[in-house]
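Novice: If you use the UniProt record's numbering, the sequence shown corresponds to residues 1 to 217, in order. Heads up, the beta-carbon is just placed ideally off N, CA and C, and yes, glycines get one too. The model shown is predicted, which means the values in this text are computed figures rather than measured ones.
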Amino acid sequence: MTGPPQKKYYRQRAHSNPMSDHCFDYPVKPSSKDWTPEYPALDSFSDKKILALSSMFPQTLILGLEIRVKVSDYVRDRIGSYQNIACLRSNAMKYLPNFFEKGQLTKMFFLFPDPHFKKAKHKWRIINPTLLAEYAYVLREGAGLLYTITDVHDLHLWMVSHLEAHPLFQRLSQEELDADPVVEKLYSSTEEGHKVERSQGSKWCAVFRRIPDPFNQ
Numbered sequence: 001m002t003g004p005p006q007k008k009y010y011r012q013r014a015h016s017n018p019m020s021d022h023c024f025d026y027p028v029k030p031s032s033k034d035w036t037p038e039y040p041a042l043d044s045f046s047d048k049k050i051l052a053l054s055s056m057f058p059q060t061l062i063l064g065l066e067i068r069v070k071v072s073d074y075v076r077d078r079i080g081s082y083q084n085i086a087c088l089r090s091n092a093m094k095y096l097p098n099f100f101e102k103g104q105l106t107k108m109f110f111l112f113p114d115p116h117f118k119k120a121k122h123k124w125r126i127i128n129p130t131l132l133a134e135y136a137y138v139l140r141e142g143a144g145l146l147y148t149i150t151d152v153h154d155l156h157l158w159m160v161s162h163l164e165a166h167p168l169f170q171r172l173s174q175e176e177l178d179a180d181p182v183v184e185k186l187y188s189s190t191e192e193g194h195k196v197e198r199s200q201g202s203k204w205c206a207v208f209r210r211i212p213d214p215f216n217q
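#1: Do you know offhand how far Tyr82's Cα is from Leu132's?
#2: Assuming the contact rule is C-beta atoms closer than 8 Å, Val138 and Leu105 should be a hit. Round their C-beta distance to whole Å, please.
#3: Counting only beta-carbon atoms, is Leu105 nearer than 9 Å to chain C?
#4: Which parts of the segment 75-150 are runs of the beta strand (DSSP E), unbroken and 3 residues or longer, counting only runs that do not cross its ends?
#5: Exposed or buried, what is Phe99 when buried is set at 16 or more other beta-carbons lying within 10 Å of its beta-carbon?
#6: What are the residues that DSSP puts in a beta bridge with Leu63?
#7: Taking all protein chains shown into account, decide if Gly64 is buried (16 or more other Cβ within 10 angstroms of its Cβ) or exposed.
#8: Can you tell me whether Gln174 sits near the ligand FMN, meaning its C-beta is under 8 Å from at least one heavy atom of the ligand?
#9: Mapping DSSP to helix, strand and coil, what is Gln170?
#10: Put Val28 into one of helix, strand or coil per three-state DSSP.
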């Protein structure tokens with residue numbers, strides 16, 4: 001019998017330069033993207049995380065964007081026959097508006113992102129002031145949620161500080177986090193999360209809601 005794909009056969013460097021000119025296929029605009037190959041059910045996303053979300057939200061389409069070749073191949077093989085999840089190899093820091101319309105997304109997940117420890121490379125962090133404007137654009141106003149989790153405390157503080165400083169994001173309270181069934185999955189449903197547990201490391205989570213533009217009130 002053939003078992004699920006094993007990650008040891010998908011060797012990949014831990015990091016990839018998001019500023020490099022990789023070769024990606026991407027639509028000129030969201031309306032020109034044909035999603036049928038990714039979601040066969042339209043005719044009638046970290047692997048464990050999107051599989052867990054698929055079971056929690058069977059009527060919701062879930063997409064994982066991964067810049068590394070081997071990792072995206074591994075996730076696609078793990079997905080198998082699930083029809084409401086897909087993974088594309090792309091650079092979310094460059095091409096997100098090419099895939100999604102304004103207010104199209106209800107949830108975005110940034111799970112154990114590359115911390116880019118060197119100060120000169122902090123501009124490469126996927127949570128930064130410039131990109132937050134794009135995330136606010138594609139998230140649904142009033143209902144869209146942006147989830148973050150990391151095992152690097154400095155990165156957690158960085159993400160929280162930039163999100164709190166942005167006028168279109170509001171941090172969820174502890175009571176709201178406790179009431180959200182997705183939050184618990186952030187800690188345990190990713191392979192990176194399991195690695196942190198095995199090393200008895202800490203994990204820091206923060207969730208933000210996309211709020212209406214206060215300047216349009």
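Specialist: In brief:
#1: Within the sequence shown, the letter at position 82 stands for residue 82. Within the sequence shown, the letter at position 132 stands for residue 132. Straight-line Cα distance between these residues: approximately 30 Å.
#2: As a first step, residue 138 is located in the sequence shown; it is residue number 138 there, counting from the start. As a first step, residue 105 is located in the sequence shown; it is residue number 105 there, counting from the start. Contact between Val138 and Leu105 holds: their C-beta atoms lie close to 5 Å from each other, under 8 Å.
#3: This model lacks chain C altogether; it includes just one protein chain.
#4: Those beta strand (DSSP E) runs which fall completely within the segment 75-150 and span 3+ residues are 85-89, 107-111 and 145-150.
#5: The residue labelled residue 99 in the question sits at position 99 within the sequence shown. Around the beta-carbon of Phe99, 16 or more other beta-carbon atoms lie within 10 Å, marking it buried.
#6: Numbered from 1 along the sequence shown, position 63 holds the residue referred to as residue 63. For Leu63, which the question treats as bridged, DSSP gives the partners Ala86.
#7: Translated into the one-based positions of the sequence shown, residue 64 becomes position 64. With a threshold of 16 other beta carbon atoms within 10 Å, Gly64 meets it and is buried.
#8: The model on display carries no ligand, and the ligand FMN is accordingly not part of it.
#9: Stepping through the sequence shown from its first residue, residue 170 is reached at position 170. Looking at Gln170 - three-state DSSP - the assignment turns out to be strand.
#10: Your numbering for residue 28 matches position 28 in the sequence shown. Val28: coil per DSSP, three-state reduction.
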